[in-house]
Amino acid sequence: MRHGKYPFVIGFLFAPVALYVTFVIWPYAQAFQISMTNWRGLSAPQWVGFDNYRRLLDDGAFWKAVQHHGVLLLALPLITIAIALFFSFLLNVGGRSSGGQRQGVWGAKFYRVVFFFPQVLAVAIIAVLFQMVYRPNESGLINGVLMKFGLEPILFLIKPNLALWSILAVLVWQAVGFYVVLFSAGMASIPGEIYEAAEMDGATKVTLFFRVTLPLLWDTLQVAWVYLGIAAFDCFAIVAVLSVDGGGPDGATTVLAMEIYRNAFVYSKYGYASAMGVALFFLTLTFAALTLRLTKRESVEY
Amino acid sequence: MNPQSTLPPPAALPPKTGDPSAPAGPGRKDPRSEVRLFAGLGHVALAVWAVIVIVPILWTVLAAFKNTSEIFSSPWTLPAELRWENFSRAWTKANVGRYFLNSVIVVSCSTFLTMLLGSMAAYVLARYRFWGNRAIYYLFVSGLAFPVFLALVPLFFVVKNLGLLDTHTGVVLVYTAYSLPFTVFFLAAFFKTLPSSVAEAGMIDGCSHSRLFFQVMMPMAKPGLISVAIFNIIGQWAQYQLPLVLLSNAKDKWVLTQGIADISVNAGYEADWSGLFAALTIAILPMIIVYAVFQRQIQAGLTSGAVK
Chain A
1 MRHGKYPFVI GFLFAPVALY VTFVIWPYAQ AFQISMTNWR GLSAPQWVGF DNYRRLLDDG
61 AFWKAVQHHG VLLLALPLIT IAIALFFSFL LNVGGRSSGG QRQGVWGAKF YRVVFFFPQV
121 LAVAIIAVLF QMVYRPNESG LINGVLMKFG LEPILFLIKP NLALWSILAV LVWQAVGFYV
181 VLFSAGMASI PGEIYEAAEM DGATKVTLFF RVTLPLLWDT LQVAWVYLGI AAFDCFAIVA
241 VLSVDGGGPD GATTVLAMEI YRNAFVYSKY GYASAMGVAL FFLTLTFAAL TLRLTKRESV
301 EY
Chain B
1 MNPQSTLPPP AALPPKTGDP SAPAGPGRKD PRSEVRLFAG LGHVALAVWA VIVIVPILWT
61 VLAAFKNTSE IFSSPWTLPA ELRWENFSRA WTKANVGRYF LNSVIVVSCS TFLTMLLGSM
121 AAYVLARYRF WGNRAIYYLF VSGLAFPVFL ALVPLFFVVK NLGLLDTHTG VVLVYTAYSL
181 PFTVFFLAAF FKTLPSSVAE AGMIDGCSHS RLFFQVMMPM AKPGLISVAI FNIIGQWAQY
241 QLPLVLLSNA KDKWVLTQGI ADISVNAGYE ADWSGLFAAL TIAILPMIIV YAVFQRQIQA
301 GLTSGAVK
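The following block contains the structure:
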C-alpha cells in the first residue's frame, strides 16, 4: 500500500495542522514574546525584558490568586477523592459477597447515575444555580431554611473568609460523580479472588479498603489527582460567575485566570496579562511534574 | 461500564435483614455486625449525597414556575400554579431562545469539524509511516499540557486580525483547534488497535487511501468516534471563557452559558427572578433528558480520557 501515499498524507494532514498551528501553537508562542513587552494594544509593543515579571512579584492580587490556587490545589483533590473513594467502594464492594462475586450496596446503579449528573452541566450554569442556592436572604435555598428556623443567614459569598470555601464546595459537588465512575471502573478490574482470599483470612471491610482496594487503585488515584489539580488551576468560569464582582469580595476568591482576563480585557494591559499567563503555565507544569514524581511508586501487578 | 452494574441487586438487603444464615466464607470471623454498621452508615451517606445533588436542581425547576413574591416568601413550597409565562418570557424577552440556538449551531458545527479533522489527522498519524510523523503527533499532544489562559491574549488578536471576532465562524474554528489535541491523542491510539488485514484487503481490491478511510476505517472506529464526540460535545457546550472573549461585542451571537451568566450577573434587586429560574431550567432540563437517554455512553465517553 505504498502508491500515492504522500499526496494522501499531506492532503489529510494539511487542514488539521494549519488550523491547530494558527489558533493554538502560534498564540502560545506569541504569549511568551508579548509577556516581555509593555503592549497595551494601541501603539507598537516595546520590549521591556523581565519588567512585567518583576512587577508581578509586587502585585498583591497576583499573590492572593496564587495563594488561592494553593488552597484549592490541596483541598479540592483531597476532599473530592476522599468522598469519591468512599462512595465507589460502597457501590462496588460495600455489599455482601456471594459466590465470589463482589457486590455493591443496594441501589448502586441509581446512585452512580445521579452522582454523575452534575458533570454534564456547564460550570457557568452551575455557578448561576449556586448563586441562587447561596443567596443571602430568605430567597436562597439554604438561608431560606435557616431563616424559617429563626437563625441568622449565612453570608456564603459575602464573608471574605467563607467565600473561597463556598466556591470550593460547588467544585466538589460537581466533581465527585465523575471520580466515583472513574474509581468504579478501576475497582471493577481488581480480581474478586483477591478480596475473597483476604476475607478468608478474616479481613474486615475497612481492612479490605486500605490494604487491597487502595494499593491496587494507585494509578487511577494518581490520574485523578493530576486532573483535579489542573482543574484547581483554572476555575475561571466559577469564580467569574459565582463570586461577588469577579473574584471578590475584595479579591478573597480571585484566581490567576480571573486576573489575566481582567488585566487583558478590562485594563488592556496585554503584556502584563501575558506574563501572568506564562506564570500560570509554569505553575501548572511544576505541579504536574511534582505530582507524578512524588506519587511515583511500584505499581502492583495483578 | 463495569460488569457489576449489570447484575440485578441482591435479593435481600444485607444491612437490614442481617440474615444469620447468610453465607459466610468458611473459617471467617463473624463480620456481620461490622458489615451491617458499615453498610448502614454507607447507605445514609449515599442517600444524603443523592439529596445534595438532586435538591438544588429540583428547587430551581420548581422556582421557575413561581412568581417573584412566592420565591421570596416561601422558597420551599410548591408553586401555587404552573406559570408557564415565566418560560416564554425567558425564551423571548431575555433572549434565552436565541442563546440556546446559537449554542446548538456552534457546537454542532465545531464538533463535526473536530471529528472530521481530528480523525483524519489521527488516522494518518497512526497508520502511515512518513518523515515527520512523530513530530506532528507530539505537536498535537503537547497541546494537552497548555492551559488556554496562557494563549488568551494572542488568541484574541489572531482571531481579530483574521476578521473573525464576534462571528460564529471564529468560535467554531477556535473550539475545533483546541479540541484537536485530545481528539487526535485518543483516536490515534484507537486507530492503532484496528486490525490491518482489513485495510490490506481493501488496498488489494483497488480501494484508494481516502475511500479506505471513509468507507472502511471510519465505520470500524465507530465506538471510539462516539466516545470522543460525546466528550467534545459536552466540553464545547460548557465553554464559557472562549465565547466571553471572542463574542463580547455581539450580544445576538452569544452562546447559552454566556447569556445565562450575563442575566445572572447583571440581575439587580428589581430583577426578574422567576425568569432567571426559568432560564436556568431551560439550560438544565435538556441535559437531564439527554443524559437519561445516553447515560452509559456519556459516562464512558467522559471518563475515556482517564483510562489509558
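From first to last, the protein sequence lines stand for chains A and B.
One point on numbering: in full-length UniProt numbering, the residue at position 256 of the first sequence is 256, and numbering is uninterrupted.
One point on numbering: in full-length UniProt numbering, the residue at position 241 of the second sequence is 241, and numbering is uninterrupted.
Ideal placement from N, C-alpha and C gives every residue a C-beta, glycine not left out.
Note that this is a predicted model, so its numbers are computed, not measured.
Name the residue from B:G202, B:S142, B:R89, B:W59 whose alpha carbon lies nearest to the alpha carbon of I142 of chain A. The count along the first sequence starts at 1 and reaches residue 142 of chain A at position 142. The shortest Cα separation from I142 of chain A among B:G202, B:S142, B:R89, B:W59 belongs to B:W59.
How many angstroms separate the CA atom of V174 of chain B from the CA atom of S274 of chain B? Counting from one through the second sequence, the residue named residue 174 of chain B turns up at place 174. Counting from one through the second sequence, the residue named residue 274 of chain B turns up at place 274. A direct Cα-to-Cα measurement between V174 of chain B and S274 of chain B gives close to 35 angstroms.
Assign D117 of chain A to buried or exposed, taking buried as 16 or more other Cβ atoms, counted over all protein chains shown, within 10 Å of its Cβ. On the first sequence, residue 117 of chain A is found 117 positions in, with the first residue counted as 1. Position check: residue 117 of chain A holds Phe in this sequence, whereas Asp was assumed. F117 of chain A is buried by the Cβ-count criterion.
Can A300 of chain B and K192 of chain B be called in contact, C-beta distance under 8 angstroms? As a working note, residue 300 of chain B is residue 300 in the second sequence. As a working note, residue 192 of chain B is residue 192 in the second sequence. Note that the C-beta distance between A300 of chain B and K192 of chain B is not below 8 angstroms.
Nearest-angstrom Cα distance between A108 of chain A and N92 of chain A? One-based indexing of the first sequence puts residue 108 of chain A at position 108. One-based indexing of the first sequence puts residue 92 of chain A at position 92. When rounded, the distance between both Cα atoms is 8 angstroms.
By DSSP, does W131 of chain B sit in helix, in strand, or in coil? Position 131 of the second sequence, counted from the start, is the residue given in the question as residue 131 of chain B. If DSSP states are grouped into helix, strand and coil, W131 of chain B belongs with coil.
Taking the continuous alpha helix (DSSP H) assigned at G60 of chain A, which residues delimit it? On the first sequence, position 60 is the one that residue 60 of chain A refers to. Taken as a continuous stretch (DSSP letters only), the alpha helix (DSSP H) holding G60 of chain A covers 60-93.
Three-state class that DSSP yields for T204 of chain A in the structure shown: Locating residue 204 of chain A in the first sequence gives position 204, counting from the first residue. Judged by DSSP in its simplified three-state form, T204 of chain A adopts coil rather than helix or strand.
List, in order along the chain, the chain B residues whose C-beta lies closer than 8 angstroms to that of K5 of chain A? Stepping through the first sequence from its first residue, residue 5 of chain A is reached at position 5. Residues of chain B with a Cβ closer than 8 angstroms to the Cβ of K5 of chain A are, in chain order, Y128, F130, H209.
Tell me, which residues are paired with W47 of chain A by DSSP? Position 47 of the first sequence holds residue 47 of chain A. In the DSSP assignment, W47 of chain A forms a beta bridge with A:T37.
Assigned secondary structure, D250 of chain A (DSSP; H/G/I helix, E/B strand, else coil): By 1-based counting over the first sequence, the position of residue 250 of chain A is 250. Secondary structure at D250 of chain A: coil, using DSSP grouped into helix, strand and coil.
Cutting at 8 angstroms between CB atoms, please list the residues of its own chain near V141 of chain B, excluding the five before and the five after it. Here the question's residue 141 of chain B lines up with position 141 in the second sequence. Excluding the 5 residues flanking it on each side, V141 of chain B has same chain C-beta neighbours closer than 8 angstroms at P181, V184, F185, in chain order.
Name, please, each residue of chain B whose Cβ falls closer than 7 angstroms to the Cβ of I34 of chain A. Residue mapping note: residue 34 of chain A aligns to position 34 of the first sequence, counting from 1. Going along chain B in sequence order, the residues near I34 of chain A (Cβ under 7 angstroms) are V153, P154.
Please list, in chain order, the residues of the region 158-182 of chain A that have any C-beta partner in chain B closer than 8 angstroms. Taken in chain order, the members of the region 158-182 of chain A whose beta-carbon sits within less than 8 angstroms of a beta-carbon on chain B are W173, V176, G177, F178, V181, L182.
Since S274 of chain A meets chain B, which of its residues come closer than 7 angstroms, beta carbon to beta carbon? The residue labelled residue 274 of chain A in the question sits at position 274 within the first sequence. Ordered by position in chain B, the residues that pass the 7 angstroms Cβ test against S274 of chain A are V153.
Indicate the three-state DSSP secondary structure (helix, strand or coil) for G301 of chain B in the structure shown. Taking the first residue of the second sequence as 1, we reach residue 301 of chain B at position 301. Shown here, G301 of chain B sits in a helix according to DSSP, grouped into three states.
Length of the line joining the Cα atoms of R296 of chain B and V53 of chain B: Walking along the second sequence from the start, residue 296 of chain B turns up at place 296. Walking along the second sequence from the start, residue 53 of chain B turns up at place 53. Answer to the nearest angstrom: the Cα atoms are 19 angstroms apart.
Taking the continuous alpha helix (DSSP H) assigned at L164 of chain A, which residues delimit it? What you label residue 164 of chain A is simply residue 164 of the first sequence in a count that begins at 1. The continuous alpha helix (DSSP H) containing L164 of chain A extends over residues 160-188.
How close, in whole Å, do the beta carbons of T176 of chain B and L13 of chain A come, if the pair is a contact with beta carbons under 8 angstroms? What you label residue 176 of chain B is simply residue 176 of the second sequence in a count that begins at 1. What you label residue 13 of chain A is simply residue 13 of the first sequence in a count that begins at 1. At roughly 15 angstroms, the Cβ-Cβ gap does not stay under 8 angstroms, so T176 of chain B and L13 of chain A are not in contact.
Can a CB atom of chain A be found closer than 8 angstroms to the CB of P286 of chain B? For this step, residue 286 of chain B is matched to residue 286 along the second sequence. Answer no: the Cβ-Cβ gap between P286 of chain B and chain A never drops below 8 angstroms.
Does the beta-carbon of M200 of chain A have 16 or more other beta-carbons within 10 angstroms, so that it is buried, or is it exposed? Here the question's residue 200 of chain A lines up with position 200 in the first sequence. Exposed, by the Cβ-count rule.
Residue burial classification, L78 of chain B (beta-carbon count within 10 angstroms, cutoff 16): By 1-based counting over the second sequence, the position of residue 78 of chain B is 78. Label assigned to L78 of chain B: exposed.
Given that Y291 of chain B touches chain A, what residues does it touch there, using C-beta distances under 7 angstroms? Residue 291 of chain B sits at position 291 when you count from the first residue of the second sequence. Within chain A, the residues near Y291 of chain B are F117, V120.
Closer than 8 angstroms, Cβ to Cβ, to anything on chain A: give me those residues from the region 50-69 of chain B, in chain order. For the region 50-69 of chain B, the set of residues with a beta-carbon nearer than 8 angstroms to any beta-carbon of chain A comprises A50, I52, V53, I54, V55, P56, I57, W59, T60, A63, in chain order.
Exposed unless 16 or more other CB atoms sit within 10 angstroms - verdict on L247 of chain B: Against the second sequence, residue 247 of chain B aligns to sequence position 247. Buried, by the Cβ-count rule.
Cβ of residue 309 of chain B within 8 angstroms of any chain A Cβ: The displayed coordinates of chain B run from 1 to 308. Any statement about residue 309 of chain B would go beyond what the structure contains.
Assign T92 of chain B to one of two classes, buried (16 or more other C-beta atoms within 10 Å of its C-beta) or exposed (fewer than that). Counting from one through the second sequence, the residue named residue 92 of chain B turns up at place 92. Residue environment for T92 of chain B: exposed (fewer than 16 other C-beta atoms within 10 angstroms of its C-beta).
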